[in-house]
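Quick note: to get this note's numbering, add 45 to the position in the sequence shown (first position is 1). Quick notes on the structure that follows.
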Amino acid sequence: MSLATDRLLLRQWRVADREPFAAMNADPVVMSHFPARLTREESDAFADRSEAGIAERGWGLWAVDVDGEFAGFIGLQPLRPTLPFAPGVEIGWRLAARFHGHGYATEGARRVVTYAFDTIGLPQIVSFTTERNIASRRVMEKLGMTRDPSEDFDHPAVPAEWDGRRHVLYRLAALPSNPPTHQGAGRGGSRPKPVGASTSEGAEGRLRTPLTDLWPSSRPSVPA
Ligand SMILES: CC(C)(COP(=O)(O)OP(=O)(O)OC[C@H]1O[C@@H](n2cnc3c(N)ncnc32)[C@H](O)[C@@H]1OP(=O)(O)O)[C@@H](O)C(=O)NCCC(=O)NCCS
Numbered sequence: 046m047s048l049a050t051d052r053l054l055l056r057q058w059r060v061a062d063r064e065p066f067a068a069m070n071a072d073p074v075v076m077s078h079f080p081a082r083l084t085r086e087e088s089d090a091f092a093d094r095s096e097a098g099i100a101e102r103g104w105g106l107w108a109v110d111v112d113g114e115f116a117g118f119i120g121l122q123p124l125r126p127t128l129p130f131a132p133g134v135e136i137g138w139r140l141a142a143r144f145h146g147h148g149y150a151t152e153g154a155r156r157v158v159t160y161a162f163d164t165i166g167l168p169q170i171v172s173f174t175t176e177r178n179i180a181s182r183r184v185m186e187k188l189g190m191t192r193d194p195s196e197d198f199d200h201p202a203v204p205a206e207w208d209g210r211r212h213v214l215y216r217l218a219a220l221p222s223n224p225p226t227h228q229g230a231g232r233g234g235s236r237p238k239p240v241g242a243s244t245s246e247g248a249e250g251r252l253r254t255p256l257t258d259l260w261p262s263s264r265p266s267v268p269a
């Protein structure tokens with residue numbers, strides 16, 4: 046499953062992405078808002094998990110191509126259960142430094158938002174970052190995401206002594222006037238994808254995880 050925008054292709058990972066991805070994850074500029082840079086092994090494991098997630102669910106953290114060149118990732122992933130606002134689905138991004146400042150993250154993420162709401166049928170997505178990551182927060186704001194400061198949190202998976210531990214949480218809800226069709230006929234014009242409590246073995250686009258597990262209907266809805 047790939048997604049296209051005017052300038053970007055969001056696609057499944059390739060073996061050839063591993064090297065530029067590792068270089069990006071070792072770049073102090075790119076990783077300045079994370080507690081540590083990644084080793085080659087950690088970076089490869091990240092790419093493997095992302096590839097497996099897309100293969101299993103049909104969606105995930107997609108590799109990004111700009112003019113045929115690997116630029117980073119943009120996409121969705123289920124929240125780790127230890128986060129205070131889990132369960133749910135997170136939208137996220139990371140681009141190599143020379144691709145920063147061209148509007149690529151916002152352009153790709155807008156396409157992902159459409160996919161999340163119109164094709165997967167998620168009622169809401171979240172995003173979070175360390176307080177001082179202004180570029181990432183700006184992308185969230187340009188997507189129309191909103192932050193309630195009362196939901197700021199200390200990330201449970203980063204070292205307690207790291208001074209970037211305090212995180213901000215942004216949310217975006219699907220528009221009530223644009224309910225998910227599950228027919229792929231939404232804003233992004235994606236192909237139809239079966240959605241729901243499928244247990245099929247890796248059929249493209251199917252959800253192995255039921256939507257109710259990703260976002261229980263009992264959860265109070267939060268306005269966008
Ligand atoms: C976050 C990231 C993906 C943004 O990518 P990008 O393609 O440059 O983002 P965009 O160009 O779409 O938008 C960035 C916005 O932030 C603004 N911005 C960037 N740095 C800024 C700063 N230091 N102060 C104020 N605004 C800043 C840009 O001006 C732009 O806003 P604008 O369109 O209103 O001018 C990229 O910086 C990145 O990969 N960073 C390292 C990894 C990372 O932090 N990932 C997110 C972890 S949650």
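Glycine is no exception: its CB is placed at the ideal position from the N, C-alpha and C atoms.
{"query": "Contact check, residue 75 vs residue 177, beta carbons under 9 Å", "result": "no"}
{"query": "Residues bridged to residue 169 (per DSSP)", "result": "218"}
{"query": "Distance between residue 102 and residue 188 (C-alpha atoms, nearest Å)", "result": "24 Å"}
{"query": "For residue 173 and residue 184, the rounded distance between their alpha carbons", "result": "11 Å"}
{"query": "At least three beta-carbon pairs within less than 8 Å, the stretch 149-161 to the stretch 118-136", "result": "yes"}
{"query": "The stretch 61-71 contacting the stretch 84-96, beta-carbon criterion three pairs below 8 Å", "result": "yes"}
{"query": "Per-residue DSSP class, three states only, for residue 49", "result": "strand"}
{"query": "Buried versus exposed, by CB contacts within 10 Å (16 or more), residue 164", "result": "buried"}
{"query": "Candidates 145, 200 and 156, of which the one nearest residue 129 by Cα", "result": "200"}
{"query": "Cα-Cα separation, residue 207 to residue 94", "result": "25 Å"}
{"query": "Identified DSSP bridge partners for residue 191", "result": "216"}
{"query": "Residue 110: first and last residue of the uninterrupted beta strand (DSSP E) it sits in", "result": "106-111"}
{"query": "Buried or exposed (CB count within 10 angstroms, at least 16 for buried), residue 216", "result": "buried"}
{"query": "N-terminal and C-terminal residue of the beta strand (DSSP E) that residue 118 is part of", "result": "114-123"}
{"query": "Backbone secondary structure at residue 244 - three-state DSSP", "result": "Bear in mind that the predicted position of residue 244 carries a pLDDT of just 26, short of 50, making it unreliable; the figure below should be weighed with that in mind. Here residue 244 sits in coil by DSSP."}
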